[in-house]
Structures are given as C-alpha cells and as structure tokens.
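Everything below concerns the one structure shown next.
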C-alpha cells in the first residue's frame, strides 16, 4: 500500500524534488530507449470526412475517478523515463503519491493509424480504451473540431500555471481548455555516422545516389512534406497552397518510385536505423538521443539548413473516458518542474514546463543547456510549425501522401 503524501504542499514539493533528483541522476547516465519491434506501421488511415450537416453534440461520460483509482494512458514509444528493469520511475512516483494505478500503453506509432483504430468510438462518444492519450497537435485540432474530447477542469491542474506561455494559446484551443502539451520536438535529418561519415546538411542530401535504398522518412505527412517544402523555399507557416504542396509531392513521389526511399514509417523507423536497413532518415529529435543511449552512439541528428518542423504531442481526454479527474491528476503531476526535468533528462524532448530548466541544473547541468530540450531563440528560429490545414486541405493532402505511402 503506498504511503499517503504529506498534506503540506511545500513539504511535498521538497520531497518530490529530492526524489526526482536522486532518480534522474541515475537515469541520465543509463537511459534505455524503447524500440518496440512490433510497430503498427502506417498502413491504416482514416481521412476526416467533411461534415454535411449538424452533428449531435456528444455528452461526456460520467466521471468515476472518486471511486475508481485507475487510469489508462496511451502514448508513443521512448516517451517515458525507464530504468534498467523496464520500470517507469516518475510514473511509479505518481502512483505512490496519488494512489491511482496507471496502465501505461505504448500504443501510438503514428497519428493516423491510431485514429483509424478509435475513430468510430470517438464519433459515438464511447470509451476508446484509454482515459487519456497524447497525440500530435494537428490531430488534436481535428478532435477538437469534431467535438470528441472533454473540457479540462483547471482547478484539478494547479500546475498548469507552469505552462510555457509559448504553448498557452494554440489556434485550435485558446486558453488550453481542452488539451495540454506533453512533450514537443523537432523533425530533422539523421544518419549513421559509420555509414555516412561525411554527415548530412540538407534534405536534398538524402537524395544522394550513395544512399539509394537506404533512406527512411516519416509517415507523418506534416514532417516529411514539411521538410521537403522548406527545402524548396516554402514558408510552411505562411500562405502556401496547392501548388507548393504539389511541388513537394513531385519530389517525394520520385524518390519513392526510384527506390531512393526505402521505408515510410512511424516510430518503427528506429528499428530500421538500428538494423541498418536504413542509413539516414527524416526523424524526430529526441528519438535519436534515446537510440544512441541504447545502441551505441552511432547516429547524429541535425536540423536541416533550410529548417526543421516544430510540433507538440498533447494530452486529451476522450468523451468516453470515465476517469477524467484521474487524467487531470497525472497532467498536474508532470507539470511539476522537478518531475518535468526528471522526465526530460530521459526522453530529451522539449518540455513545456516553466521551471524545468532550473530544476534540470540539479540533475545534469549539461542537459540544461541542451538545445533539443531547452531551445533558445536562435534554435527556435530554425524550426517552423506546419500551418493548420482546413478540413478540405487535410483530406486532399493526406490522400495524396497516403497514395504514395501505400504504393511504396
């Protein structure tokens, strides 16, 4: 039975900080990346249909959190601190502190494939098998638009005060009443330092004949196409349209059809790098740090010279969740700066929590200056948010991308 936490908030914060520092000092030296061999891939896709009439508003499920101290959480691989025995130290800390038992599922490999599994239940307001899930901001925008997620009670998340102002008012959820960032990061390029000793500087370097058949790209359309569009001089945050997207699709299609691109995957691309099925890839920043920690410091990550993409994966509570308050409790816990720093020391993604950088100084001062975790203005000037698409654009562009993906 877990010990009850002290009622004094200051005492609780001091205890939590001390425990976080002790655990994270060890984890920062011996992280283990999760590279699950059974990735879902990117074979399934459900395109969002345009609404042709009024939809009946969904009703949130009755919250049973007061009597059922359980929580099911779906998330991406390599996104939780892990010790050498495969345990999640910060999550254990949350369970001990709150008395809530968490089932943590590493079940998101790609936004579209996950959405395809749960879209029917979402549309009916039914339980999707997870009380909370962390999906990328563009997918969260779709869920918000369709009315599929519950409103958060900020009174249950007092640590929301630590949310970085940079993430406080996205266009799809002003004031963060429906969503809360989990971790963010960059899409860029990476390579095997033994196989590509000269390194890479641009997306166009991926199309070098020396890498033919050894290149991987992401099944996330906004990252793969975003990087290609940036390489073509398009401001992906601005007022581009069909012509710019078509130009990038021409490059993507050519490189798939001529065999330059070997694989198009979600998080399973890590397995291809590790097996040397691919030598270079369009990839996500923190993944490469985790891969190096696990498999021998063989890979390098860089933001391409034309720029990378910037994104956030974000907590939501589906309408069918019966444990919303429990989900809010776990959000609140991970917005404690000491816990956020402990997590960041392992996952190496951009934390949205103000105060985490200062807390990181007590764990690992070198990580506190890591631009992939705490980017400064200069680093942020090199990455760009793929602009929000209209529903019609989302359907059209994703369909074009998916056609090539399925034919690869």
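Residue numbers (the numbering used here): 1022 to 1429. The beta-carbon is built from N, C-alpha and C at its ideal position, and this holds for glycine as well.
Under the three-state DSSP convention, the category residue i falls into
{"i": "residue 1085", "result": "coil"}
{"i": "residue 1221", "result": "coil"}
{"i": "residue 1367", "result": "helix"}
{"i": "residue 1254", "result": "coil"}
{"i": "residue 1058", "result": "Confidence in residue 1058 is poor, its pLDDT being 32 and thus under 50, which makes the residue's placement too unreliable to answer from."}
{"i": "residue 1344", "result": "coil"}
{"i": "residue 1114", "result": "helix"}
{"i": "residue 1189", "result": "coil"}
{"i": "residue 1204", "result": "strand"}
{"i": "residue 1322", "result": "strand"}
{"i": "residue 1247", "result": "helix"}
{"i": "residue 1090", "result": "coil"}
{"i": "residue 1129", "result": "coil"}
{"i": "residue 1180", "result": "helix"}
{"i": "residue 1216", "result": "coil"}
{"i": "residue 1305", "result": "strand"}
{"i": "residue 1273", "result": "helix"}
{"i": "residue 1064", "result": "Low local confidence applies: a pLDDT of 35 at residue 1064 is under 50, so the model's placement there is unreliable, with the coordinate-based value given in what follows. If DSSP states are grouped into helix, strand and coil, residue 1064 belongs with coil."}
{"i": "residue 1315", "result": "helix"}
{"i": "residue 1396", "result": "coil"}
{"i": "residue 1286", "result": "strand"}
{"i": "residue 1048", "result": "Low confidence applies to residue 1048: its pLDDT is 42, below 50, so where it sits in the model is not reliable, and the reading given next is rough at best. It is helical."}
{"i": "residue 1411", "result": "coil"}
{"i": "residue 1339", "result": "strand"}
Residue j beta carbon less than 8 Å from that of residue i
{"i": "residue 1158", "j": "residue 1332", "result": "yes"}
{"i": "residue 1079", "j": "residue 1206", "result": "no"}
{"i": "residue 1366", "j": "residue 1382", "result": "no"}
{"i": "residue 1282", "j": "residue 1236", "result": "yes"}
{"i": "residue 1349", "j": "residue 1178", "result": "yes"}
{"i": "residue 1425", "j": "residue 1328", "result": "no"}
{"i": "residue 1369", "j": "residue 1401", "result": "no"}
{"i": "residue 1258", "j": "residue 1408", "result": "yes"}
{"i": "residue 1160", "j": "residue 1422", "result": "no"}
{"i": "residue 1358", "j": "residue 1341", "result": "no"}
{"i": "residue 1352", "j": "residue 1201", "result": "yes"}
{"i": "residue 1156", "j": "residue 1406", "result": "no"}
{"i": "residue 1127", "j": "residue 1108", "result": "no"}
{"i": "residue 1323", "j": "residue 1209", "result": "yes"}
{"i": "residue 1343", "j": "residue 1084", "result": "yes"}
{"i": "residue 1250", "j": "residue 1260", "result": "no"}
{"i": "residue 1269", "j": "residue 1246", "result": "yes"}
{"i": "residue 1364", "j": "residue 1152", "result": "no"}
{"i": "residue 1334", "j": "residue 1419", "result": "no"}
{"i": "residue 1297", "j": "residue 1211", "result": "no"}
{"i": "residue 1232", "j": "residue 1199", "result": "no"}
{"i": "residue 1326", "j": "residue 1415", "result": "no"}
{"i": "residue 1165", "j": "residue 1129", "result": "no"}
{"i": "residue 1339", "j": "residue 1371", "result": "no"}
Classification of residue i by the beta-carbon crowding that lies within 10 angstroms, buried from 16 upward
{"i": "residue 1345", "result": "buried"}
{"i": "residue 1190", "result": "exposed"}
{"i": "residue 1378", "result": "buried"}
{"i": "residue 1413", "result": "exposed"}
{"i": "residue 1145", "result": "exposed"}
{"i": "residue 1411", "result": "exposed"}
{"i": "residue 1234", "result": "exposed"}
{"i": "residue 1263", "result": "exposed"}
{"i": "residue 1299", "result": "buried"}
{"i": "residue 1114", "result": "buried"}
{"i": "residue 1176", "result": "exposed"}
{"i": "residue 1311", "result": "buried"}
{"i": "residue 1186", "result": "exposed"}
{"i": "residue 1484", "result": "A question about residue 1484 goes unanswered here, because the residues of the chain that appear run from 1022 up to 1429."}
From the options, residue whose alpha carbon lies closest to that of residue i
{"i": "residue 1224", "options": "1194, 1303, 1149 and 1198", "result": "1303"}
{"i": "residue 1427", "options": "1285, 1340 and 1339", "result": "1285"}
{"i": "residue 1318", "options": "1102, 1189 and 1309", "result": "1309"}
{"i": "residue 1134", "options": "1239, 1353, 1413 and 1393", "result": "1239"}
{"i": "residue 1356", "options": "1204, 1183, 1220 and 1148", "result": "1183"}
{"i": "residue 1347", "options": "1131, 1111 and 1116", "result": "1116"}
{"i": "residue 1361", "options": "1097, 1112, 1123 and 1096", "result": "1112"}
{"i": "residue 1316", "options": "1415, 1214 and 1129", "result": "1214"}
{"i": "residue 1089", "options": "1374, 1141, 1122 and 1293", "result": "1122"}
{"i": "residue 1148", "options": "1266, 1274, 1204 and 1094", "result": "1094"}
{"i": "residue 1230", "options": "1279, 1398 and 1388", "result": "1279"}
{"i": "residue 1087", "options": "1114, 1119, 1098 and 1395", "result": "1119"}
{"i": "residue 1291", "options": "1098, 1091 and 1076", "result": "1098"}
{"i": "residue 1091", "options": "1301, 1415, 1125 and 1173", "result": "1125"}
{"i": "residue 1255", "options": "1188, 1373 and 1330", "result": "1330"}
{"i": "residue 1131", "options": "1253, 1077, 1391 and 1244", "result": "1244"}
If contact is defined by three or more beta carbon pairs under 8 Å, each pair taking one atom from either stretch, is the segment 1286-1297 in contact with the segment 1192-1200? no
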